[in-house]
Structures are given as C-alpha cells and as structure tokens.
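Residue numbers (the UniProt record's numbering): 1 to 72.
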C-alpha cells in the first residue's frame with residue numbers, strides 16, 4: 001500500500017494548510033519525536049536495529065518450530 005505523509009501547518013497570517021506527500025517507490029516515512037535532528041536520527045536507527053533483531057529472532061523461532069516442533 002502506498003504511504004502518504006500528511007502535514008498541517010499554520011502560516012504567519014493564521015491560515016492553515018494541509019498537504020499530502022506521496023512516498024516514492026523506494027521511500028518510507030517515519031515520525032520520531034525528538035529535540036533535535038541528531039536525536040531523531042539516533043532514535044530512528046535504534047528502532048530499526050531493534051526491529052531487525054526482532055525479525056531475525058522470529059525467523060529462528062519459526063525455523064525451530066518447523067523442523068523440531070518446539071516453541072521455546
């Protein structure tokens with residue numbers, strides 16, 4: 001499914017604008033709460049690492065369950 005980033009902002013006159021930006025085929029969007037760009041990148045990289053580890057761990061569990069029938 002295609003991802004869209006919806007942004008809303010208010011200009012100096014008080015008028016509110018809403019825009020939808022479509023992600024390109026090789027692009028994804030993530031929202032991170034942080035006090036700086038550096039902190040946001042650090043949090044994002046940490047989350048990507050944790051998700052990669054979880055995915056790898058799930059693959060090992062699925063492999064064990066398929067071949068040895070264990071849920072440990």
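A virtual CB, placed ideally from N, CA and C, is assigned to each residue, including glycine.
For this session: Examine the Cβ distances between the stretch 43 to 50 and the stretch 17 to 34 and report whether three or more of them are shorter than 8 Å.
Result: Look at the beta carbons and you see the stretch 43 to 50 touching the stretch 17 to 34: at least three pairs across the two are nearer than 8 Å.
For this session: Provide the residue span of the beta strand (DSSP E) that contains residue 9, from first to last.
Result: Residue 9 -> beta strand (DSSP E) spans 4 to 10.
Exercise. Taking the alpha-carbon positions, what's the residue 3 to residue 23 distance?
Worked result: As the crow flies, the alpha-carbon of residue 3 is around 6 Å from that of residue 23.
For this session: Under 6 Å Cβ to Cβ from residue 16, same chain only, skipping five residues before and after it: list those, please.
Result: Short of 6 Å from the beta carbon of residue 16, and not among the five residues preceding or following it, lie these beta carbons of its own chain, in chain order: 10.
For this session: Tell me residue 25's beta-bridge partners as DSSP assigns them.
Result: Beta bridge pairing from DSSP links residue 25 with no other residue.
For this session: Kindly identify the DSSP beta-bridge partner or partners of residue 18.
Result: Bridge partners of residue 18: 8.
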